[in-house]
Amino acid sequence: AGTRDGLNWPRAQALAAAERASYIARNPESARLAGQAAQHLLFGVPMHWMNDWSTPFALTVREASGARFRDADGHKYIDFCLGDTGAMFGHAPPPVAQAIARQAARGYTAMLPSEDAAPVATELARRFGLPYWQFALSASDANRFVLRWLRAATGRSKVLVFNGCYHGTVDDVFVDLVDGVPTQRDSLLGQVHKLTDHTVVVEFNDLPALEAALKQGDIACVLAEPVMTNIGMVLPQPGYWEAAQQLIKRHGSLLVIDETHTISSGPGGYAQAHGMQPDALVVGKPIGGGIPCAVYGFTEELARRVEQAKHDAPPGHSGVGTTLSANMFAMAAMRANLEQVMTEQAYQHMFALAAQLAEGLRAVIERHQLPWCVTQIGARTEFQFAPTAPHNGTLAQAILDSDLERIIHLYLLNRGLLITPFHNMLLVCPGTNETDVERLLSTFEDCVGNII
Ligand code: PMP
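Every position in the sequence shown, counted from 1, becomes a number in full-length UniProt numbering once 1 is added.
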C-alpha cells in the first residue's frame with residue numbers, strides 16, 4: 002500500500018508540497034511578474050499552456066544562451082528542455098544571432114525570395130536526400146500543408162496516423178484509438194468537423210493493422226514520426242519500418258516523415274541515419290535555431306505530382322502557405338543554422354553527452370531498483386515509468402504519470418535544472434558539458450532517494 006511507480010507515494014506528496022513552497026519562496030520576482038501578467042494575459046501567460054508546467058506560477062526567463070538561462074530572480078539554470086527542441090542547438094547560437102542581426106537592417110519580408118533561399122534549399126536537399134523544398138512558419142503548418150498537397154496530388158481523402166501521435170495543431174490527426182475504436186481526441190477545442198471520416202488511426206508497430214487500413218485504397222499518406230516522441234518515447238521494433246514502407250508503397254500510399262523531434266538522430270534526421278526513404282519529410286522548431294520557420298521536402302516524383310495538382314486547380318486561394326512563410330529573416334537564420342550550427346561535429350558532442358545521460362539515468366534506476374526504463378534517440382533521452390519500453394501508444398499512454406512527473410520536474414527546477422514538461426524528455430546541446438550532465442544525474446538521484 003502507498004506505492005506508485007515503485008515509490009513511496011505519501012513521501013512523494015510530502016515532497017511535492019515542500020517543493021511548491023520552496024518555489025514560491027525562491028521566486029518573488031517571477032511571482033510579481035505573474036501577478037502583473039494575470040491582469041491582461043489570458044490564463045496569466047502569453048501562451049495558455051505555459052501555465053501547465055509543474056510550477057505554482059510561471060517562471061519568467063530573463064535571458065538564455067547556449068545550454069543555460071537565467072530567470073527574473075537571477076537564478077541560473079542548466080536547460081535540458083531547450084524549448085522542447087526549438088533551441089535544440091542551444092539558445093541564441095552565435096552564427097544565427099549574427100545572421101539575424103545582419104538581416105535586421107536588410108528587411109524581413111517581401112513576398113519574394115531572398116538570396117538565402119536557393120542555398121538553404123540546396124543544403125536541405127544534400128542533407129535530407131530529397132530534391133524539392135518549401136517553407137512554413139511552424140512544424141504544425143508544414144504538416145498541414147503537406148497533407149493538403151498530398152491529398153490533392155493523390156486524389157485520396159484519408160490520412161493514416163499512429164495512435165498517440167502528435168504533429169502539432171493539425172486538427173486532422175487528433176484521432177486516437179479508444180478501446181480499439183477511432184475516436185476524436187476530446188481535448189481538441191472548438192472542432193466541429195468529424196475528423197474520423199478522413200483520418201485512420203492504427204497502433205505503431207502493428208503491421209497487420211497498417212496493411213488492413215492501406216488495403217482500402219483510400220489513404221493518401223501515412224504521417225508519422227519515425228520514433229514516437231510525444232507520448233513518452235515509442236521505438237520502432239526491428240524491421241518495422243522496412244516492412245511498413247513496403248506496404249505503403251504496395252498500396253499506392255505515400256509516407257510523410259515528421260522529423261521535428263527525431264532530428265536529434267543526426268544532421269539528416271532519423272530517416273537518413275536509418276536508411277528510410279520517405280516521399281515527404283517535415284522539420285520545424287530547431288531548423289532556424291529557434292526562429293519561427295519550418296521546412297518540407299518532396300521526392301522528385303511527388304514534386305511533379307504536386308506541381309500537376311496546382312496546375313490543374315483553378316486559380317485562387319490554395320490553402321497552402323501564409324504571408325510571412327519563407328520570409329527573409331527566417332531564411333537568414335536557417336542558412337546560418339544549417340551551415341554553421343547543425344553540424345556533424347555538434348551532433349558528435351551531443352551524442353556522447355546523451356549516452357552519458359542515458360547510462361547515468363539507467364544506473365540511478367538500477368541502484369534504487371525502480372521499475373523504470375530509459376530510451377535514447379541521438380541527442381534526445383526519455384525516462385519512462387515502466388520496466389520495459391512500451392511498443393505502442395496505448396501502452397505508452399498507460400504509463401504516463403503526470404503527478405509524479407511534476408514532482409520530479411519541480412525538484413530539479415528548484416535546483417537549477419530544467420527538463421521538458423508533460424513527459425520526461427531531456428535534450429543536450431553543443432553548449433552542454435559533462436559536468437552539467439553529472440549535476441542532472443546526482444540531483445535526479447537525490448530526488449528519487451527522497452521518495453523511495
Ligand atoms: N511535429 C512534431 C513531431 C512535434 O513534436 C511538434 C511539436 N511538439 C510539432 C510537429 C509541431 O511543432 P510546432 O508546435 O512548432 O508547430
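Note that beta-carbon positions come from the ideal geometry of N, C-alpha and C, so glycine has one too.
Query, Result
"I need the DSSP call for G270, collapsed to helix, strand or coil.", "helix"
"Compare the Cα-Cα distances from P422 to each of I408, A140, G289 and report the closest residue.", "I408"
"With DSSP collapsed to three states, give me the class of G298.", "strand"
"Does the beta-carbon of Y297, which I'm using as the reference point, lie nearer than 7 angstroms to any heavy atom of the ligand SAM?", "What this structure holds is the ligand PMP, not the ligand SAM."
"What are the start and end residues of the alpha helix (DSSP H) that includes C448?", "435-451"
"Kindly give me the distance between the Cβ atoms of E435 and Q357, rounded to whole angstroms, as I take these residues to be in contact under 8 angstroms.", "6 angstroms"
"Measuring straight from C-alpha to C-alpha, what distance separates residue 456 and R149?", "As displayed, the chain neither begins before 2 nor continues past 453, which places residue 456 out of reach and without an answer."
"Can you give me the C-alpha to C-alpha distance between A122 and A334, rounded to a whole angstrom?", "13 angstroms"
"Flag this pair as touching only if the region 36-52 and the region 365-382 have three or more C-beta atom pairs under 8 angstroms; answer yes or no.", "no"
"Residue range of the alpha helix (DSSP H) that K250 falls in?", "241-251"
"Please indicate yes or no: does the CB of D259 lie closer than 7 angstroms to some heavy atom of the ligand PMP?", "yes"
"Report yes or no: do three or more beta-carbon pairs, one from the region 178-196 and one from the region 117-132, lie closer than 8 angstroms?", "no"
"Identify, in the order they occur along the chain, each residue of the same chain with its Cβ nearer than 8 angstroms to the Cβ of P29, setting aside the five sequence neighbours on each side.", "D74"
"Check Q14 in the structure and name its three-state DSSP category.", "helix"
"Considering only C-alpha positions, which residue in the set G233, T200, H76, V235 is nearest to A221?", "T200"
"Using alpha carbons as the reference points, say which of Q398, G130, G218, A88 lies closest to A272.", "G130"
"Return the CA-CA distance between residue 1 and L396, expressed in angstroms with no decimal places.", "Any question about residue 1 goes unanswered here, given that the chain covers just 2 to 453."
"Can you name the residues that DSSP bridges to I220?", "K159"
"Out of A22, A331, V97, point me to the one whose CA is closest to G108's CA.", "A331"
"Going straight from the alpha carbon of L208 to that of A245, what length do you get?", "7 angstroms"
"Within 7 angstroms: the Cβ of H168 and any heavy atom of the ligand PMP?", "yes"
"Relative to the C-alpha of M89, which candidate in A314, V284, W242 has its C-alpha closest?", "V284"
"If we ignore side chains and look at the alpha-carbon of each, how far apart do R71 and L339 end up?", "27 angstroms"
"Could you check whether the Cβ of A281 sits closer than 7 angstroms to any heavy atom belonging to the ligand PMP?", "no"
"From this set, H350, F175, H318, which residue's C-alpha is nearest R195's C-alpha?", "Residue identity differs from the one stated: residue 195 is Lys in this sequence, not Arg. Checking every option, the nearest Cα to that of K195 belongs to F175."
"Starting from S66, trace the beta strand (DSSP E) in both directions and tell me its first and last residue.", "62-66"
"I452 and A111 look like a contact to me (Cβ under 8 angstroms); what is the Cβ gap, rounded to whole Å?", "Between A111 and I452 the Cβ distance is about 56 angstroms, and since that is not below 8 angstroms, they are no contact."
"Since A347 and P431 are thought to touch, with beta carbons under 8 angstroms apart, how far apart are those beta carbons, to the nearest angstrom?", "5 angstroms"
"For A22, which of S443, R440, N415 has the nearest alpha-carbon?", "N415"
"So what's F58 in DSSP terms, helix, strand or just coil?", "coil"
"By the 10 Å Cβ neighbour count, where 16 or more other Cβ atoms means buried, how is L441 classified, buried or exposed?", "buried"
"My assumption, with CB atoms under 8 angstroms, is that I25 sits in contact with A32. Please give the rounded CB distance.", "7 angstroms"
"Helix, strand or coil for W134 per DSSP?", "strand"
"Just mark A364 as buried or exposed, buried being the case when its beta carbon has 16 or more other beta carbons within 10 Å.", "exposed"
"Would you list the residues sitting across from T200 in a DSSP beta bridge?", "V160"
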